[in-house]
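These notes concern the structure reproduced below.
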Amino acid sequence: MYRFSILSLARNALRYHQDWPRLWRSPEPKPAYDVVIVGGGGHGLATAYYLAKEHGIANVAVLEKGWLGGGNTGRNTTIVRSNYLWDESAAIYEHALKLWEGLSAELNFNVMLSQRGVLNLAHNQGDVRESIRRVHANRLNGVDAEWLDTAAVKAFCPILDVSPTARYPVLGATLQRRAGVARHDAVAWGYARAADDRGVDIIQNCEVTGFDIESGCVSGVRTTRGDIRAGKVAIVAAGHNSVLAAMAGVRLPLQSHPLQALVSEPVKPVLDCVVMSNAVHVYVSQSDKGELVMGAGIDAFNSYAQRGSFPIIEHQMAALLELFPSFSRLRMMRSWGGIVDVCPDASPIVGKLPVQGLYLNGGWGTGGFKATPGSGHVFAHTIARDEPHPLAAPFALDRFTSGALIDEHGAAAVAH
Amino acid sequence: MLLIACPYCGPRDEVEFHYGGQAHVARPTNAEALSDAEWADYLFLRDNPKGPFRERWVHTAGCRRWFNMLRDTATHRIIAIYKVGEPPP
């Protein structure tokens with residue numbers, strides 16, 4: 001693999017940046033693979049990378065119907081954190097955050113992780129009690145967490161309006177200092193490049209149209225670029241997981257919704273942390289380009305259209321101005337939507353499906369980006385050994401029958 | 001952005017409505033006799049098609065009555081709206 005370094009940068013600068021190599025090959029699909037991963041977003045590419053690196057399974061194809069990272073990986077608000085309430089969630093998201101912390105060095109690709117701190121605001125006494133409870137739960141699980149009172153919140157984020165006359169006054173906030181943002185596209189590109197280097201075939205513009213299933217056991221996939229035999233097949237298709245699972249005759253407890261985000265025009269640095277608020281419902285950070293990046297809740301109706309309704313954005317802007325009145329003159333530049341697959345308990349499904357050799361990593365809903373490295377890591381283990389990784393075991397599909405739900409609705413402090 | 005023709009009030013803006021998920025999901029009458037898997041099926045499993053979908057809406061800021069809609073989830077096109085109790089198109 002071509003190593004990126006200060007020397008390679010200097011060398012290419014002298015050649016006017018004409019000779020940078022391609023990050024990954026673009027091979028024709030082979031007739032058969034040990035593992036076929038359906039979905040070339042961050043989670044699918046990370047799964048392929050860890051399959052090759054940790055389990056020695058490099059005869060892997062990642063099939064992507066569009067282009068790499070063109071789905072939710074390239075559409076999220078890039079927030080990375082692990083301050084979840086329940087033990088199972090804290091464990092898997094903290095596992096991911098620890099991988100994030102070494103990811104740029106591991107992939108030799110700058111994913112621009114910026115641990116600038118994430119504030120989750122509390123606006124009423126109920127919020128305060130829930131937030132402090134979550135701080136304690138996080139600390140018991142080894143996740144860094146602090147409770148800040150109003151003055152400390154103002155000191156940490158001076159531009160925030162904390163005046164007691166605000167309609168929803170800021171009574172305090174939780175702070176995870178190790179949380180922050182990362183460059184979303186770079187995560188897909190970095191994993192793709194590293195997986196490709198280990199022999200994984202990344203095949204774009206290749207849509208899966210069906211599965212070959214013989215006596216309850218998957219044996220291959222049908223695609224727009226021909227049939228491909230496979231020992232194991234992993235579905236990692238985010239909003240389209242239900243559609244793919246239905247091709248294999250499996251019903252999933254998922255509903256697909258649009259989740260919208262938008263950015264403002266670029267301005268000078270004004271916000272050096274991430275601010276999230278559940279009660280007024282917006283989350284915002286400032287990108288390195290200077291744009292404010294914002295998101296909030298899903299559109300309530302089911303959709304696959306990658307766009308939502310304007311009132312959702314209007315509500316988001318109202319929330320933003322409630323917290324930051326000084327942003328009122330900012331113009332918004334772009335808005336877009338991604339399709340998120342939401343579980344009834346707002347936790348993911350990672351594990352085996354009722355068809356032998358078929359696996360699912362989905363249901364990450366509105367908060368999958370932050371989990372990308374951890375999700376791929378535990379899912380690769382689950383596929384390679386045909387048994388769930390200990391951190392993935394609680395997220396098995398059968399929890400909806402057993403009743404052992406991991407109810408992160410609200411418990412996660414904000415709609416992720 | 002949807003313009004929804006409430007069967008009682010006529011066309012109104014989407015913000016006047018609330019969404020109720022998949023329509024025509026009947027609560028089992030023999031709940032105590034169901035297995036865990038059958039109960040989970042009723043409780044948690046809903047269709048999630050890419051294409052026409054029968055769903056419930058309520059006109060919260062209007063007549064506050066529930067009705068059904070057939071809508072394409074890939075295009076947001078509203079194909080049909082019909083009252084509760086009427087046969088689905």
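The listed protein sequences derive, respectively, from chains V and R. Counting with my numbering, you get residues 1 to 416 for the letters of the first sequence. Counting with my numbering, you get residues 1 to 89 for the letters of the second sequence. For every residue, glycine included, the Cβ atom is placed at its ideal position computed from N, Cα and C. Quick caveat, the model's predicted, so the values are computed rather than measured.
For residue i, the residue or residues it bridges with in DSSP
i                      : result
residue 19 of chain R  : R:57
residue 404 of chain V : Residue 404 of chain V pairs with nothing; no bridge assigned.
residue 176 of chain V : V:118
residue 69 of chain R  : R:55, R:81
residue 214 of chain V : V:217
residue 63 of chain V  : V:38, V:203
residue 33 of chain V  : V:230
residue 336 of chain V : V:261
residue 47 of chain R  : According to DSSP, which records beta bridges pairwise, residue 47 of chain R is partnered with nothing at all.
residue 6 of chain V   : Its beta-bridge partners do not exist; DSSP assigns none.
residue 208 of chain V : V:223
residue 36 of chain R  : For residue 36 of chain R, which the question treats as bridged, DSSP gives no partner whatsoever.
residue 342 of chain V : V:255, V:364
residue 80 of chain V  : V:180
residue 274 of chain V : V:118
Enclosing alpha helix (DSSP H) for residue i [first to last residue]
i                      : result
residue 222 of chain V : First-last for residue 222 of chain V: 217–223, but that is the beta strand (DSSP E), not the alpha helix (DSSP H).
residue 77 of chain R  : That residue, residue 77 of chain R, is in no alpha helix (DSSP H); it is neither H nor E in DSSP.
residue 20 of chain V  : Note, residue 20 of chain V: premise wrong, no alpha helix (DSSP H); not H, not E.
residue 255 of chain V : Segment 255–264 is the beta strand (DSSP E) holding residue 255 of chain V; no alpha helix (DSSP H) there.
residue 444 of chain V : Here chain V comprises residues numbered 1 to 416, so residue 444 of chain V is not present and cannot be evaluated.
residue 57 of chain V  : Segment: none, residue 57 of chain V is in no alpha helix (DSSP H) and carries neither H nor E.
residue 87 of chain V  : 87–101
residue 241 of chain V : 241–247
Cβ-Cβ separation, residue j to residue i (assumed contact under 8 angstroms), whole Å
i                      : j                      : result
residue 364 of chain V : residue 348 of chain V : 5 angstroms
residue 56 of chain R  : residue 20 of chain R  : 3 angstroms
residue 153 of chain V : residue 173 of chain V : 5 angstroms
residue 64 of chain V  : residue 204 of chain V : 5 angstroms
residue 79 of chain R  : residue 52 of chain R  : 6 angstroms
residue 243 of chain V : residue 50 of chain R  : 5 angstroms
residue 77 of chain V  : residue 295 of chain V : 4 angstroms
residue 408 of chain V : residue 89 of chain V  : 6 angstroms
residue 45 of chain V  : residue 137 of chain V : Not a contact, Cβ separation roughly 32 angstroms.
residue 68 of chain R  : residue 5 of chain R   : No, residue 68 of chain R and residue 5 of chain R are not in contact; Cβ-Cβ is about 12 angstroms, not under 8 angstroms.
residue 222 of chain V : residue 210 of chain V : 4 angstroms
residue 298 of chain V : residue 366 of chain V : 6 angstroms
residue 162 of chain V : residue 146 of chain V : The Cβ separation is near 17 angstroms, so there is no contact.
residue 453 of chain V : residue 32 of chain R  : What is shown of chain V runs 1 to 416, which leaves residue 453 of chain V out entirely.
residue 256 of chain V : residue 1 of chain R   : The Cβ separation is near 19 angstroms, so there is no contact.
residue 170 of chain V : residue 273 of chain V : Wrong, their Cβ atoms sit about 14 angstroms apart, outside the cutoff.
residue 369 of chain V : residue 42 of chain V  : 7 angstroms
Extent of the continuous beta strand (DSSP E) run through residue i
i                     : result
residue 5 of chain R  : 3–6
residue 12 of chain R : 10–13
Interface residues of chain C facing residue i [CB-CB closer than 7 angstroms]
i                      : result
residue 256 of chain V : In summary, chain C is missing from the structure at hand, where the protein chains are V and R.
Scan the region 276–334 of chain V and note each continuous alpha helix (DSSP H) run of 4 residues or more that stays entirely inside, going in chain order.
310–323
What residue ranges within the region 122–168 of chain V form continuous beta strand (DSSP E) runs of no fewer than 3 residues, ordered along the chain?
146–149
If you scan the region 349–393 of chain V from start to end, which runs of the beta strand (DSSP E) of 3 or more residues do you find wholly inside it?
349–352, 358–362
Examine the Cβ distances between the region 85–95 of chain V and the region 233–253 of chain V and report whether three or more of them are shorter than 8 angstroms.
no
Touch test, the region 338–353 of chain V against the region 296–307 of chain V, Cβ-Cβ under 8 angstroms, three pairs minimum
yes
Counting Cβ pairs, one atom from each stretch, are 3 or more of them under 8 angstroms apart for the region 313–320 of chain V and the region 45–64 of chain R?
no
Contact between the region 270–280 of chain V and the region 121–135 of chain V (3+ Cβ pairs under 8 angstroms)
yes
Within the chosen definition, does the region 262–275 of chain V reach the region 232–248 of chain V through at least 3 CB pairs nearer than 8 angstroms?
no
Decide yes or no for the touch test of the region 10–25 of chain V against the region 192–208 of chain V: beta carbon pairs closer than 8 angstroms, at least 3 of them.
yes
Is it the case that the region 361–377 of chain V contacts the region 398–407 of chain V, given that we only count it when at least three CB pairs across the two stretches are under 8 angstroms?
no
Are the region 176–184 of chain V and the region 78–87 of chain V in contact at 8 angstroms, needing three or more beta carbon pairs?
yes
Is the region 133–142 of chain V touching the region 216–227 of chain V, taking contact as three or more C-beta pairs under 8 angstroms?
no
If contact is defined by three or more beta carbon pairs under 8 angstroms, each pair taking one atom from either stretch, is the region 323–337 of chain V in contact with the region 110–117 of chain V?
no
Check whether the region 2–16 of chain V touches the region 30–41 of chain V, taking contact to mean three or more Cβ pairs, one atom from each stretch, closer than 8 angstroms.
no
Are at least three pairs of beta-carbons, each pair with one atom in the region 47–57 of chain V and one in the region 65–74 of chain V, less than 8 angstroms apart?
no
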